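Asks: The structure follows.
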Amino acid sequence: MDVKLSQKFKNYTKHPFFGFIVFGLILLIIPFAKDIIGVTLTDAIAKTLIFYVVALGFSLLIGYAGLASLGTAAFIGIGTFLLYSIMNVFNLPFIAVIIIGLIVAILLGLIFGGVSLRIEGMYLAIVTLGLSEIAVELFKNFDQFTGGVSGTTFTGIELFGFSLNSQQTLILIIVAVVGTMMLTHNLIRSPFGRALLSIKNSDSAAQAMGISILVYRLMAFVLSTIYALFGGVLYMAYVKFSMGSQWSLSVSLNLLAAVVVGGAKSIWGVLIGTFVIFGLDLAVFKTIPFLRDSQFSNMSFVISGILIIIVMMYFPGGLIGLFKDLYMKIKLKISNKKLSKEAVLDENND
Amino acid sequence: MLDLILSGLIQSAPLTLATLGVVLIFKTSFTTNFAQGMIGTLAAYVVTFILMPTPDVTGNVPDPTVGTYTLAIVIGIAVGFIVSMLLDLFIFRKSRYSTPVGKQIITMGIVLIITGLIPTFFGINERSLPRIGAQFEDTFLNYPVQAIIWLFNLFDYNILYHQAVSVFIAFVLITVIFVALRYTKWGLGVRATASNENVASMMGVNTKLITSMSWAIAGALGAIAAIMISSSRGYYGNINTYFMIPIQVQAFFAAILGGFSTFYGPVIGAVIFGVLNSVFSFYLNPWGNTMLYLLILLIVLFKPLGLFGKKVAKKV
């Protein structure tokens, strides 16, 4: 009976979702321990989690489709203003945000991804860089929906007739994080993810197997757009303030750094990367007064940039790959020791 | 309308240089260098630093003599040249076999590094460069510049002195580079590397040297473009960390419009871009930029290789 129970338990722990749920449960401590952690740190963690959602979508694009985009920040910005304009300007329910957000994300992804990916994968970064310039102009001139140069303040979202306070919004974010982790895990292990990987490894071979490069790459880009827009909605729901000029190129580049540094192919790797890049920026360089007010406030950029280059040149697996290699080496050493010990014992027995 | 076209032509002068830099790197390293604008920004900062080590917050623009200004600009261009060459030596030579997107990501990392380093070295205040022009009225540069002014006056367009200088410099540099590409050993090497790097190196072309020289020249072109743009604005605060990003985007779109497969295509693309930009921003204000980018995307949808692109057949 006892053995069976542990066996059953093992079945659950072996399930890939188990880690995600445990991670979510650990995170759930944060909204209830806000007084102990402090408001600044809680905000930093919440923002990092939101960027993690975006980074997960981006990891589909970088790690699996082998493409780079520079329009992520623009999509986040569009998400924030979409939430504001639908709920505060047009006074529609939250469900409308999700539906319209999906439509907008798919349309944007199809237009900008379709044009650039038709030529070559490399053009996506250029075209999305142009998109980010366009977005800056849009944010500035549509001041009815974006507040123009000075930005907008959001009143907070209402769900099923309740208006959420910041603690409840944080819980919503954590639920969304765990949900996106599960969704990404399933996407990676679906035929879609396998097709993307095959394209990344050899596009000629993938084409020969009947995989349409354009369609799958476009799908990856559209998915990453949806993630980014959704991240923007979460950001606006929690921070309640968004300004057009905030969503500049440096946010896109930091997201890129987060995905690349952590390990673009791993859900946990992206988590580590996001916490390294954004956690460092939000919790260290933006909070410690000595660093924040000096000319060293942008040193986090330098660190992210150096990390990107080192990882791209020497550690294609990212930090998580490094940890895995280390783990394997230690394991190998231990098993080697065991083997040699057994060999010694055997010799003694003889 | 003619006025708009002519002013677009003038504005496209720095853009052609930046675009030529993008194409040089694309041809020899098979990637697009996102860091070129930031290298140019760095060079422009160096020039202002030499002219005015601590920026005047009250809004005064430095007023250098011909000698110091020329020296500062030469040092700035040298910084662009050297930084770009070092990037190739230490980073891109070692990652020659990574994918084009991988190299793009590395250049984005360089953008982040320079963005962070600029305020650390030069402070957080905006800086400024004076207009190039009045200082050079007594030198030999005056004669060709006067000729350009006369040429524009034929069309009843009143070109400013500093604009004529930038048109002259861009024209000379582009002519020199195209002649070099056509007739020098370096140019032959670049064309050979562009068509097939492996075969070129087997045929005795020193592809490493060719590539790093191309990077260096592209860096210098980026630096000249940055100095030209910031100095032509001529008011306080024309140099900040992000002032080259729009130019970088425009250079990429001009290159896409012209097509990456030839050298002359992107340069003509840059001129077309400049003219269209001037026309669009007059008639479609404030949506000029947006409409122009969307128009280029539309053109690329029908002509994926750009206006002057040639289809390159590839063996598998």
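Line by line, the protein sequences are chains S and H.
Every position in the first sequence, counted from 1, becomes a number in our numbering once 1 is added.
Every position in the second sequence, counted from 1, becomes a number in our numbering once 1266 is added.
Positions of the beta carbon are idealized from the N, C-alpha and C atoms, including for glycine.
All of these numbers come straight from a predicted model, not from anything done at the bench.
1) What would DSSP say about H:F1509, mapped onto helix, strand or coil?
2) Say whether chain S places a C-beta atom closer than 8 Å to the C-beta of H:K1360.
3) Who are the neighbours of H:N1555 on chain S, taking C-beta pairs under 8 Å?
4) Measure the alpha-carbon distance for H:V1438 versus S:G280 and round it to whole angstroms.
5) So what does DSSP say about S:S353, is it helix, strand or coil?
6) Are the region 55–68 of chain S and the region 217–234 of chain S touching by the rule of at least three beta carbon pairs closer than 8 Å?
7) DSSP three-state label for H:R1393, please.
8) Chain H partners of S:S225, CB-CB under 9 Å?
9) Let me check understanding here. Comparing Cα to Cα, which of S:P17, S:S7 and S:T49 lies closest to S:Y236?
10) Round the Cβ separation of H:A1492 and H:L1281 to the nearest angstrom and send it over; I've been treating them as touching at under 8 Å.
11) Please list the terminal residues of the continuous alpha helix (DSSP H) segment that includes H:A1428.
12) Does any residue of chain H bring its CB to less than 8 Å from the CB of S:M300?
13) Hey, how far is the Cα of H:S1295 from the Cα of S:I51?
14) Return no unless some Cβ of chain H is closer than 8 Å to the Cβ of S:R195.
15) Could you tell me the alpha carbon to alpha carbon distance between H:K1569 and H:A1520, rounded to whole angstroms?
16) Please say whether H:G1572 and H:G1540 have beta carbons closer to each other than 8 Å?
17) Let's see if you can read the secondary structure: which residues bound the alpha helix (DSSP H) around H:S1478?
18) Could you check whether the Cβ of S:I309 sits closer than 8 Å to any Cβ belonging to chain H?
19) Please confirm if the region 328–335 of chain S is in contact with the region 1500–1516 of chain H, defined as three or more CB-CB distances below 8 Å between the two stretches.
20) Leaving aside the five residues before and after S:R195 along the sequence, list all residues of the same chain whose C-beta is less than 6 Å from its C-beta, in chain order.
21) If you check the beta carbons only, do S:Y65 and S:L198 fall under 8 Å apart?
22) For a test of the three-state rule: what should DSSP assign to S:L327, helix, strand or coil?
23) Report the start-end ranges of each alpha helix (DSSP H) in the region 277–306 of chain S that is 4 residues or longer and not cut off at the edges.
24) Strictly under 8 Å for the Cβ-Cβ distance: is S:Y124 near chain H by that measure?
25) Residues in the region 1346–1380 of chain H with C-beta within 9 Å of chain S's C-beta atoms, listed in sequence order?
26) Helix, strand or coil: how does DSSP classify H:T1227 here?
27) Give me the Cα-Cα distance between H:L1420 and H:N1555, rounded to the nearest whole angstrom.
28) Answer with buried or exposed for H:F1292, where buried requires no fewer than 16 other C-beta atoms within 10 angstroms of its C-beta.
29) What are the residues in the region 179–204 of chain S lying within 7 Å of chain H by C-beta distance?
30) Beta-carbon of S:S352 versus every beta-carbon of chain H: anything under 8 Å?
31) Using a Cβ-Cβ cutoff of less than 6 Å, which residues in the same chain neighbour H:G1453 once the five nearest sequence positions on both sides are dropped?
32) In whole angstroms, what separates the C-alpha of S:D204 from that of S:G149?
33) Could you check how far apart the C-beta atoms of S:A265 and S:G319 are, in whole angstroms? I think they sit under 8 Å.
34) For a test of the three-state rule: what should DSSP assign to S:S117, helix, strand or coil?
35) Does the distance from the CB of S:L28 to the CB of S:R119 come in under 8 Å?
36) Look at H:G1342 and H:V1312 and say whether their C-beta atoms are less than 8 Å apart.
Replies: Working from what's here:
1) On the second sequence, position 243 is the one that residue 1509 of chain H refers to. In this structure, H:F1509 counts as coil in the three-state DSSP scheme.
2) As a working mapping, residue 1360 of chain H is identified with position 94 in the second sequence. Closer than 8 Å to some Cβ of chain S, the Cβ of H:K1360 qualifies, so yes.
3) Counting from one through the second sequence, the residue named residue 1555 of chain H turns up at place 289. Going along chain S in sequence order, the residues near H:N1555 (Cβ under 8 Å) are E134, I135 and E138.
4) Within the second sequence, numbered from 1, the residue matching residue 1438 of chain H stands at position 172. Within the first sequence, numbered from 1, the residue matching residue 280 of chain S stands at position 279. Approximately 49 Å between the Cα atoms of the pair.
5) The structure shown has nothing for residue 353 of chain S, since chain S only spans 2 to 351.
6) yes
7) The residue labelled residue 1393 of chain H in the question sits at position 127 within the second sequence. In the structure shown, H:R1393 sits in a strand (DSSP, three-state: E or B).
8) What you label residue 225 of chain S is simply residue 224 of the first sequence in a count that begins at 1. None at all; the shortest Cβ gap to chain H is about 14 Å.
9) Locating residue 236 of chain S in the first sequence gives position 235, where the first residue counts as 1. It is S:T49.
10) Here residue 1492 of chain H refers to the residue found at position 226 when the second sequence is read from its first residue. Here residue 1281 of chain H refers to the residue found at position 15 when the second sequence is read from its first residue. Their Cβ separation, rounded to whole angstroms, is 12 Å, which puts H:A1492 and H:L1281 out of contact at 8 Å.
11) As a first step, residue 1428 of chain H must be located in the second sequence, where it is residue number 162. Here the sequence assigns His to residue 1428 of chain H, which means Ala is not the residue at that position. Start and end: Y1427 to Y1449.
12) Within the first sequence, the letter at position 299 stands for residue 300 of chain S. Output row for S:M300: interface = yes.
13) Position 29 of the second sequence, counted from the first residue, corresponds to residue 1295 of chain H. Position 50 of the first sequence, counted from the first residue, corresponds to residue 51 of chain S. If I take the Cα positions, the gap works out to 36 Å.
14) Here residue 195 of chain S corresponds to residue number 194 of the first sequence, with the count starting at 1. It does not; no Cβ of chain H falls within 8 Å.
15) The count along the second sequence starts at 1 and reaches residue 1569 of chain H at position 303. The count along the second sequence starts at 1 and reaches residue 1520 of chain H at position 254. So the two alpha carbons sit approximately 14 Å from each other.
16) On the second sequence, residue 1540 of chain H is found 274 positions in, with the first residue counted as 1. On the second sequence, residue 1572 of chain H is found 306 positions in, with the first residue counted as 1. Cβ atoms of H:G1540 and H:G1572: not closer than 8 Å.
17) The count along the second sequence starts at 1 and reaches residue 1478 of chain H at position 212. Per DSSP, H:S1478 belongs to the alpha helix (DSSP H) from T1473 to R1499.
18) Position 308 of the first sequence, counted from the start, is the residue given in the question as residue 309 of chain S. Judged by the 8 Å Cβ criterion, S:I309 is in contact with chain H.
19) no
20) Position 194 of the first sequence, counting from 1, holds the residue named residue 195 of chain S. None.
21) As a position in the first sequence, residue 65 of chain S is number 64, starting the count at 1. As a position in the first sequence, residue 198 of chain S is number 197, starting the count at 1. Going by C-beta atoms, S:Y65 is nearer than 8 Å to S:L198.
22) Position 326 of the first sequence, counting from 1, holds the residue named residue 327 of chain S. Helix at S:L327.
23) 290–293
24) The residue given as residue 124 of chain S occupies position 123 in the first sequence. Yes, S:Y124 counts as interfacial toward chain H.
25) I1357, K1360, S1361, S1364, T1365, P1366, V1367, G1368, K1369, Q1370, I1371, I1372, M1374, G1375, I1376, V1377, L1378, I1379 and I1380
26) Outside the modelled stretch of chain H, which goes from 1267 to 1582, sits residue 1227 of chain H, for which no answer is possible.
27) Within the second sequence, the letter at position 154 stands for residue 1420 of chain H. Within the second sequence, the letter at position 289 stands for residue 1555 of chain H. The alpha-carbon atoms of H:L1420 and H:N1555 are separated by roughly 30 Å.
28) On the second sequence, position 26 is the one that residue 1292 of chain H refers to. Buried, because 16 or more other Cβ atoms sit within 10 Å of the Cβ of H:F1292.
29) none
30) Residue 352 of chain S lies beyond the stretch modelled for chain S, which goes from 2 to 351, so this question has no answer here.
31) As a working note, residue 1453 of chain H is residue 187 in the second sequence. The residues are A1446 and L1447.
32) Residue mapping note: residue 204 of chain S aligns to position 203 of the first sequence, counting from 1. Residue mapping note: residue 149 of chain S aligns to position 148 of the first sequence, counting from 1. S:D204 and S:G149: Cα-Cα distance of roughly 43 Å.
33) Position 264 of the first sequence, counting from 1, holds the residue named residue 265 of chain S. Position 318 of the first sequence, counting from 1, holds the residue named residue 319 of chain S. At roughly 6 Å, the Cβ-Cβ gap stays under 8 Å, so S:A265 and S:G319 are in contact.
34) Position 116 of the first sequence, counting from 1, holds the residue named residue 117 of chain S. Correct three-state label for S:S117: helix.
35) Numbered from 1 along the first sequence, position 27 holds the residue referred to as residue 28 of chain S. Numbered from 1 along the first sequence, position 118 holds the residue referred to as residue 119 of chain S. Going by C-beta atoms, S:L28 is not nearer than 8 Å to S:R119.
36) Taking the second sequence and counting its residues from 1, the one referred to as residue 1342 of chain H is at position 76. Taking the second sequence and counting its residues from 1, the one referred to as residue 1312 of chain H is at position 46. Taking 8 Å as the Cβ cut-off, H:G1342 and H:V1312 qualify as a contacting pair.
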